[in-house]
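Inspection log for the structure reproduced underneath, given as structure tokens.
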Amino acid sequence: MSLTIAIIGRPNVGKSTLFNRLTGKQHAIVDDIPGVTRDRREGEGRIGDFKFRLIDTAGLDEAPAEHLAGRMREQTERAVIESDIIIFMFDARTGVTPIDTHFAQWLRKRDTPVVLIANKCEGKSSEAGRIEAFSLGLKEPVAVSAAHGLGMADLYEALLSLDLPNKSAVDTNNLSQRNTPPPLMFAIIGRPNVGKSSLVNQLLGEDRMLTGSEAGITRDAITVPWIWEGRDVRLVDTAGIRRRGKVEKKLEILSIQDSRRAVQFAEVVALILDSTALLERQDLTLARQVIEEGRALIIVVNKWDIAKDRKASLRSLHDRLKTSLPQVRGVPVITCSAKTGEGLGRLMPAVFDLHNQWNRRISTAKLNRWLLDVTEAHPPPVIAGRRLKLRYITQSKSRPPTFIIFSTRAKMLSDTYLRYLANCLREHFDLWGTPLRLLLRQQDNPYA
């Protein structure tokens, strides 16, 4: 007999969208209007080799029992009683609401295992909501985007990590699939005519992309499946992105929007520079956009075969990166020629190394030993006669590595000291070249 999983949460957080994704069919009607789902809906769900009975429920509301919303809530409560696992979903963009808190308290009193899901995590606006979710007392939220299919592997791992009496739903014949990593999403971006498509063709070993001396030949973000040394890669070639003030035609605007979407859904992004015009203002703008999206960044200097005074050029580039992009200290730089293939052999090993750093998880015990050492070496400042205390640190997510420090009077900690902590963290755990987010929360240790 398979396990039963119920998806619950307040209205319009994306429960039916997740239900449709896990069942693989458009069973449930979805819309931006709250309350579209009223009755329980059931289907056979699957994620990886894990099969289960899945229940979609109406949005949770504190309405009286005699009202329609109250009767819908009673249906949801019955689904909870029938289920082996509860997926409790909230909208990370909106953040934790009083209704979320109310029903989280109710769930904590039950014996049914709960997986907390932060939905709508496809953009940076979801970060604050994910941090707020620690206050619900349901452990770390799993960041997903049900609409875009992001975070399904993390959800899979969260479900399988639960201590359940019945795990027969897992197809043991297919457990080897768990060890097969998903394709790496690798986007190539840059200004027009820096050689992005030529570089893709050189990597693939064929003239897959149309190239030429004219700027703007590529209009769409083109995804090409590729196998590199046994690893699946989705290589995304994008249209060149000019400064906003130079963009006039509607078609170019659409192409640029497509390129920026490619960055949002990439894991590693290569910013291609032209060796004859290194690191212009638009290059820095693009690099900062990649960092803001939390993607791993690698700098690729193309046309190295025609570069003049290579040693001085490279030294100047590293100096400018150090001052202009301090958020990603140690960002890898690869010099190459898409025309001749020179240097390209170093690119993909660097990409996979960077991807591993971007996905990295550090144990809470190691983090707190590190925090003790760095605060003893350089204590937090004294404010109003009292020294600030940094009580606890935990990693809230990877992709990119994100850490939360719980502190007394967190709002008073200076940006200078926060930068000191971030630099020490990066150096101690060898997190060079990947975006690193260090967040403060004024709250007691949630695990105490």
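Here this note's numbering is used: position 276 in the sequence shown is 256, and no number is missing along the way. Idealized CB from N, CA, C, for every residue including glycine. The structure displayed is predicted, hence computed values, not measured ones.
At 3 residues or longer, and completely inside the region 293 to 361: list those beta strand (DSSP E) runs for me, N to C.
Complete beta strand (DSSP E) runs here, min 3: 313 to 315.
Assign Asp64 to one of three DSSP states: helix, strand, or coil.
Residue 64 sits at position 84 when you count from the first residue of the sequence shown. Coil.
Using the three-state DSSP reduction, which class does Leu420 fall into: helix, strand or coil?
Position 440 of the sequence shown, counted from the first residue, corresponds to residue 420. In this structure, Leu420 counts as strand in the three-state DSSP scheme.
Proximal residues to Phe32 (C-beta, below 6 Å), its chain only, five neighbours per side dropped:
For the purposes of this step, residue 32 is taken as residue 52 along the sequence shown, with counting starting at 1. Closer than 6 Å at the Cβ level, and outside the excluded window around Phe32, lie Ser(-18), Leu(-17), Ile(-15), Gly25, Ala149.
Using only the alpha-carbon positions, how far apart do Gln244 and Gln307 sit?
The residue you call residue 244 lines up with position 264 of the sequence shown. The residue you call residue 307 lines up with position 327 of the sequence shown. Gln244 and Gln307: Cα-Cα distance of roughly 18 Å.
On the criterion of 16 or more Cβ atoms from any shown chain inside 10 Å, does Trp284 qualify as buried, or is it exposed?
Here residue 284 refers to the residue found at position 304 when the sequence shown is read from its first residue. So Trp284 ends up on the buried side.
Output the distance between the C-alpha atoms of Leu87 and Ser115, rounded to the nearest integer angstrom.
Position 107 of the sequence shown, counting from 1, holds the residue named residue 87. Position 135 of the sequence shown, counting from 1, holds the residue named residue 115. Taking the Cα positions, Leu87 is about 14 Å away from Ser115.
How long is the line joining the alpha carbons of Pro(-9) and Ala72, rounded to whole angstroms?
On the sequence shown, position 11 is the one that residue -9 refers to. On the sequence shown, position 92 is the one that residue 72 refers to. Approximately 13 Å between the Cα atoms of the pair.
Distance, Ser178 Cα to Leu324 Cα:
Residue numbering aside, residue 324 sits at position 344 when the sequence shown is read from its first letter. Residue numbering aside, residue 178 sits at position 198 when the sequence shown is read from its first letter. Their Cα atoms are separated by approximately 12 Å.
Report, in whole angstroms, the separation of the C-beta atoms of Ala98 and Ala123, which I expect to be a contact under 8 Å.
Counting from one through the sequence shown, the residue named residue 98 turns up at place 118. Counting from one through the sequence shown, the residue named residue 123 turns up at place 143. Under the criterion of beta carbons closer than 8 Å, Ala98 and Ala123 qualify as touching, at roughly 5 Å.
Environment of Val94 [buried if 16+ CB atoms lie within 10 Å]:
By one-based count along the sequence shown, residue 94 stands at place 114. It is buried - the Cβ of Val94 has at least 16 other Cβ atoms within 10 Å.
Inside the region 364 to 422 only - beta strand (DSSP E) runs reaching at least 3 residues:
Listed in chain order, the beta strand (DSSP E) runs fully inside the region 364 to 422 are 370 to 377, 382 to 387, 417 to 421, counting runs of at least 3 residues.
Boundaries of the alpha helix (DSSP H) in which Arg211 is found, first to last residue:
For the purposes of this step, residue 211 is taken as the residue at position 231 of the sequence shown. Not the alpha helix (DSSP H): Arg211 falls in the beta strand (DSSP E), residues 211 to 217.
Got a sec, what are the start and stop residues for the alpha helix (DSSP H) Thr3 sits in?
As a first step, residue 3 is located in the sequence shown; it is residue number 23 there, counting from the start. DSSP places Thr3 in the uninterrupted alpha helix (DSSP H) bounded by -5 to 3.
Using 8 Å for Cβ pairs, my map puts Ile168 next to Ile278. What's the rounded Cβ distance?
Taking the first residue of the sequence shown as position 1, residue 168 is located at position 188. Taking the first residue of the sequence shown as position 1, residue 278 is located at position 298. Between Ile168 and Ile278, the beta carbon gap of about 10 Å keeps them out of contact (Cβ cut-off 8 Å).
Where Gly15 and Lys100 are concerned, what is the direct C-alpha to C-alpha distance, given to the nearest angstrom?
Here residue 15 corresponds to residue number 35 of the sequence shown, with the count starting at 1. Here residue 100 corresponds to residue number 120 of the sequence shown, with the count starting at 1. Reliability of the predicted coordinates at Gly15 is poor, the pLDDT of 42 falling under 50, and the value obtained from them is presented with this limitation in mind. A direct Cα-to-Cα measurement between Gly15 and Lys100 gives close to 18 Å.
Are three or more beta carbon pairs between the region 358 to 368 and the region 338 to 347 nearer than 8 Å?
The answer is no - the region 338 to 347 does not touch the region 358 to 368, with fewer than three Cβ pairs under 8 Å.
Closer than 8 Å by C-beta to Phe309: which residues in its own chain qualify, once you throw out the five before and the five after it? Chain order, please.
Position 329 of the sequence shown, counted from the first residue, corresponds to residue 309. The residue you asked about is not Phe; residue 309 is Arg in the sequence shown. In its chain, beyond the 5 residues on either side, Lys302, Asn403, Arg406, Trp412, Gly413 have a beta carbon closer than 8 Å to the beta carbon of Arg309.
Cβ-Cβ separation, Val313 to Leu297 (assumed contact under 8 Å), whole Å:
Counting from one through the sequence shown, the residue named residue 297 turns up at place 317. Counting from one through the sequence shown, the residue named residue 313 turns up at place 333. The pair is a contact, with the Cβ atoms about 7 Å apart (cut-off 8 Å).
CA-to-CA distance, Pro380 to Arg417, given in whole angstroms
Taking the first residue of the sequence shown as position 1, residue 417 is located at position 437. Taking the first residue of the sequence shown as position 1, residue 380 is located at position 400. The C-alpha of Pro380 is placed about 7 Å away from the C-alpha of Arg417.
Counting C-beta neighbours from all protein chains within 10 Å, is the total for Ser106 16 or more, i.e. buried, or is it exposed?
What you label residue 106 is simply residue 126 of the sequence shown in a count that begins at 1. The residue in question, Ser106, is buried, as its Cβ has 16 or more Cβ neighbours within 10 Å.
Under three-state DSSP, which class holds Gly109?
Within the sequence shown, numbered from 1, the residue matching residue 109 stands at position 129. Gly109 falls in the helix class under three-state DSSP.
Taking the alpha carbon of Ser63 as the reference point, which residue from Arg326, Ile(-12), His335 has its own alpha carbon closest?
Numbered from its first residue, the sequence shown carries residue 63 at position 83. Closest option to Ser63, Cα to Cα, is Ile(-12).
From Thr382, Ser317, Glu272, pick the residue whose C-alpha is nearest to that of Ala287; which is it?
Taking the sequence shown and counting its residues from 1, one reaches residue 287 at position 307. That would be Ser317, whose Cα lies nearest to the Cα of Ala287.
On a Cα-Cα basis, can you pick out the residue from Phe383, Arg21, Glu322 that is closest to Leu351?
The residue given as residue 351 occupies position 371 in the sequence shown. Relative to Leu351, the option among Phe383, Arg21, Glu322 whose CA is nearest is Phe383.
Residue burial classification, Lys346 (beta-carbon count within 10 angstroms, cutoff 16):
The count along the sequence shown starts at 1 and reaches residue 346 at position 366. Its Cβ having fewer than 16 others within 10 Å, Lys346 is exposed.
Per-residue burial, Glu247 [other beta carbons within 10 Å of its own, 16 or more giving buried]
As a first step, residue 247 must be located in the sequence shown, where it is residue number 267. Buried.
Look at Asn348 and Ile373 and say whether their C-beta atoms are less than 8 Å apart.
As a position in the sequence shown, residue 348 is number 368, starting the count at 1. As a position in the sequence shown, residue 373 is number 393, starting the count at 1. Contact: yes.
What is the residue span of the beta strand (DSSP E) that Ile168 lies within?
For the purposes of this step, residue 168 is taken as residue 188 along the sequence shown, with counting starting at 1. Counting along the chain, the beta strand (DSSP E) containing Ile168 begins and ends at 164 to 170.
Through-space distance from Leu393 to Lys369, alpha-carbon basis:
As a first step, residue 369 is located in the sequence shown; it is residue number 389 there, counting from the start. As a first step, residue 393 is located in the sequence shown; it is residue number 413 there, counting from the start. Cα to Cα, the separation comes out at about 10 Å.
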